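Trainee:
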């Protein structure tokens, strides 16, 4: 590990199949990126042997694990030697540049906010999801960190989402839409109506209201909404694609002629399915905390873990957090 | 037209392609159902010739039309001879048993609420959509009538959705889920948390929280949510299915072998696509007004119009409005 490496702290115990699914994911990420180093956080007997057999890996002992069903903030306060808490402390103290965990979202959010802290001017960190629309990837936020939001929060989400699109997706001047139930500024909930005025006045690249159908179609680069609507939207898309592909698969295997035809088409359908698979994007960024933090799905397999670590490293190199700080500062929010 | 006919008042001028798309839809609905009669509402020169050439059709003159971009409540108050207002008056005065229009949703809602009135105990009529999930159709409401809701509104939506599932879909004891961002009662927005307690206490068949993915999967018969979240959800599903089918079509026609294979599979894919087509369900019911009112999509073609008229007639025969009245009364809300 040298000064030039990007160091990602990885929660060895995060996810339903940890550490079994995490360790091969770390190995794959290291193999794919010679500039990457990993600080592997977890119980001695898990992290030490792995580090000894893999280059650019440092073991960081953490004896406790936060389970999926624990109360997030409480668990973070009580389990001071848990992998999530130790990982975030390492991040705060400069022992790592970014943190990745496929552990419980609530605990990661709580630990990152309490230990790493928010960037200046950010009152509510938000979780973003990148939706693979045909025209372009769409950054949707918040997808679950804040169930109830105020208009100012949506303005901050707009700045943070735009910074993500610029640094992580290479969009020079991202357009930002406000998720609403009609195109006219006067439409929608009280929150959406007030937010529309605020965003129109203070958010560069604001493209006005967008509707539900614009998310999968990709008519803007960034879509902002409260964490309730965003979470429903994200899970709806996951559910609908899985239902549709199951139906198509069923139809294709309903008789031998169709099965033969399906075999010909399988390759291209798999490409579509993969493109819609949130795992390929490697975990959701927690935007607004002052270091890059990525949270993987609890069901993450090795590929998803590797993709999440790679995304965290890319966030360090592309200056994601600095871009968020700049955007918030330029807006006068900081 | 005899006493035993079900009379549906139809807005001849509703929709982007009215009356051209409406008239063949009316003809198809009449041909399919010998027990149906239609009161066709619109300009003399449109409704009279059609009525003279079709049995079981009565012309009802209405000289004005409410356009898509007019302010709904204002237009309803000012255009007293518009097809929507005349149709709703006919419904109130007993000249028809139900009303169907593919005109502007806002004006239909305003006219139905102002002229026909709400059923006892209903404070907010809601628009429902029937989602064709694989396991069973799911009644989702509200999908746009009420952008901001209180917990009591969600309770009423639960009763109305259950009454729809019982009478229109033949579900003896419908289960009702509350759309939320987690399964535990403590999850979600302030609205969802309070509504959970209220529904658990006062709604028969309440099955607790459901998440976004449960809507397309069909884990419950009825899903209640506010009109903002419901509208975003509905349009997201429409958008995502249209994007997915376009992608699949593109992949299938990308080379001659795939095109041949696609030809074999086309039939079964069309079945899936049709099942996901909201038009096949013939318009969205406006629940909570005291007569059956169905609102078609503005882009409705003849098939969608016919399906909407058939749904309105079925609502009369199945006692939809009476079931809603009973449900609300039994709950102590009326």
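Protein chains in written order, with the numbering used here: chain F, 1 to 334; chain S, 1001 to 1334. Glycine included, every Cβ here is placed at the ideal spot set by N, Cα and C. On a predicted model such as this, the values are computed, not experimentally measured, just so you know.
#1: Should the stretch 205 to 216 of chain F be called in touch with the stretch 123 to 130 of chain F, which here means at least 3 C-beta pairs below 8 Å?
#2: Helix, strand or coil, according to DSSP, for residue 60 of chain F in the structure here?
#3: Do you know how far the Cα of residue 83 of chain F is from the Cα of residue 70 of chain F?
#4: Less than 8 Å between CB atoms is the rule here; does residue 233 of chain F satisfy it with respect to chain S?
#5: Less than 8 Å between CB atoms is the rule here; does residue 1213 of chain S satisfy it with respect to chain F?
#6: Using a cut-off of 7 Å between C-beta atoms, extract the partners of residue 1264 of chain S located in chain F.
#7: Could you pull the start and end residues of the alpha helix (DSSP H) that residue 302 of chain F belongs to?
#8: Could you tell me which chain F residues have their CB closer than 9 Å to the CB of residue 1328 of chain S, listed as they occur along the chain?
#9: Cβ atoms of residue 236 of chain F and residue 1212 of chain S: under 8 Å apart, would you say?
#10: Tell me whether the stretch 216 to 226 of chain F and the stretch 133 to 146 of chain F touch, counting them as touching only if at least three CB pairs, one residue from each stretch, are closer than 8 Å.
#11: Measuring straight from C-alpha to C-alpha, what distance separates residue 1227 of chain S and residue 1145 of chain S?
#12: Answer yes if the stretch 1194 to 1202 of chain S comes into contact with the stretch 1101 to 1109 of chain S, meaning at least three C-beta pairs across the two stretches below 8 Å, and no otherwise.
#13: I'd like to know whether the C-beta of residue 1150 of chain S is nearer than 8 Å to at least one C-beta of chain F.
#14: Excluding sequence positions up to five away, which residues of its chain have a Cβ less than 7 Å from the Cβ of residue 162 of chain F?
#15: Indicate whether the contact test is met: 3 or more Cβ pairs, each with one atom in the stretch 92 to 99 of chain F and one in the stretch 313 to 329 of chain F, closer than 8 Å.
#16: Closer than 7 Å by beta-carbon distance: list the chain C residues that pair up with residue 1147 of chain S, in chain order.
#17: Does the stretch 1254 to 1271 of chain S touch the stretch 318 to 332 of chain F, meaning 3 or more C-beta pairs lie closer than 8 Å?
#18: Classify residue 1325 of chain S: buried if its beta carbon has 16 or more other beta carbons within 10 angstroms, exposed otherwise.
#19: Run through the stretch 1046 to 1133 of chain S for me and flag every whole beta strand (DSSP E) of 3 or more residues, listed as ranges in chain order.
#20: Leaving out the 5 sequence neighbours to the left and right, which residues in its chain are closer than 7 Å to residue 1064 of chain S when beta-carbon positions are compared?
#21: So, are the CB atoms of residue 19 of chain F and residue 46 of chain F less than 8 Å apart?
#22: Compute the Euclidean distance between the alpha carbons of residue 190 of chain F and residue 1110 of chain S, then round it to the nearest angstrom.
#23: Taking CB distances under 8 Å as the criterion, tell me whether residue 251 of chain F reaches chain S.
#24: Along the beta strand (DSSP E) that carries residue 39 of chain F, what are the first and last residues, could you check?
#25: Quick one: which unbroken beta strand (DSSP E) runs of 3-plus residues sit fully inside the stretch 1224 to 1300 of chain S? Chain order, please.
#26: Can you name, in chain order, every residue of its own chain whose Cβ lies under 8 Å from the Cβ of residue 182 of chain F, other than the five neighbours on each side?
#27: State the CB to CB distance for the pair residue 1062 of chain S and residue 1086 of chain S, rounded to an integer number of angstroms; the pair is presumed to be in contact (CB under 8 Å).
#28: Can you check whether the C-beta of residue 105 of chain F is within less than 8 Å of a C-beta belonging to chain S?
#29: Comparing alpha-carbon positions, which option in S:1118, S:1009, S:1120, S:1165 lies nearest residue 1130 of chain S?
#30: Please state the DSSP three-state secondary structure of residue 1026 of chain S.
#31: Listed from N- to C-terminal order along the chain, which residues in the stretch 48 to 66 of chain F have their beta-carbon within a distance smaller than 8 Å of any beta-carbon of chain S?
#32: Find out if the Cβ-Cβ distance for the pair residue 1317 of chain S, residue 1008 of chain S is shorter than 8 Å.
#33: Mind listing, in chain order, the continuous beta strand (DSSP E) runs of no fewer than 3 residues lying wholly within the stretch 168 to 226 of chain F?
#34: Which one or two residues does DSSP pair with residue 11 of chain F in a beta bridge?
#35: Could you pull the start and end residues of the beta strand (DSSP E) that residue 1141 of chain S belongs to?
#36: Please report the Cβ distance between residue 1113 of chain S and residue 1319 of chain S, rounded to the nearest whole angstrom; I am assuming they are in contact, meaning their Cβ atoms lie under 8 Å.
Mentor: Here's the rundown:
#1: no
#2: strand
#3: 14 Å
#4: yes
#5: Yes, its Cβ sits closer than 8 Å to a Cβ of chain F.
#6: 257, 258, 261
#7: 302 to 318
#8: For residue 1328 of chain S, no chain F residue has a C-beta closer than 9 Å to its own C-beta; the minimum C-beta separation is roughly 25 Å.
#9: yes
#10: Proximity of the stretch 216 to 226 of chain F to the stretch 133 to 146 of chain F meets the contact definition, three or more beta-carbon pairs being nearer than 8 Å.
#11: 6 Å
#12: Judged by Cβ distances under 8 Å, the stretch 1101 to 1109 of chain S makes no contact with the stretch 1194 to 1202 of chain S, as fewer than three pairs qualify.
#13: no
#14: Within the same chain, Cβ atoms closer than 7 Å to the Cβ of residue 162 of chain F are found at 174, 176, 205, 222, 327, the five residues on either side in sequence being excluded.
#15: yes
#16: Absent here is chain C; the protein component of the structure consists of chains F and S.
#17: The answer is no - the stretch 1254 to 1271 of chain S does not touch the stretch 318 to 332 of chain F, with fewer than three Cβ pairs under 8 Å.
#18: Buried, by the Cβ-count rule.
#19: 1057 to 1061, 1098 to 1101, 1126 to 1132
#20: 1079, 1081, 1082
#21: yes
#22: 20 Å
#23: yes
#24: 36 to 42
#25: Fully enclosed beta strand (DSSP E) runs of no fewer than 3 residues occupy 1284 to 1287, 1293 to 1295 of the stretch 1224 to 1300 of chain S, in order along the chain.
#26: 188, 209, 211
#27: 4 Å
#28: no
#29: S:1165
#30: helix
#31: The residues in question: there are none.
#32: no
#33: 176 to 179, 206 to 210, 222 to 224
#34: F:41
#35: 1137 to 1141
#36: Cβ-Cβ separation between residue 1113 of chain S and residue 1319 of chain S: approximately 21 Å, too far for a contact (criterion under 8 Å).
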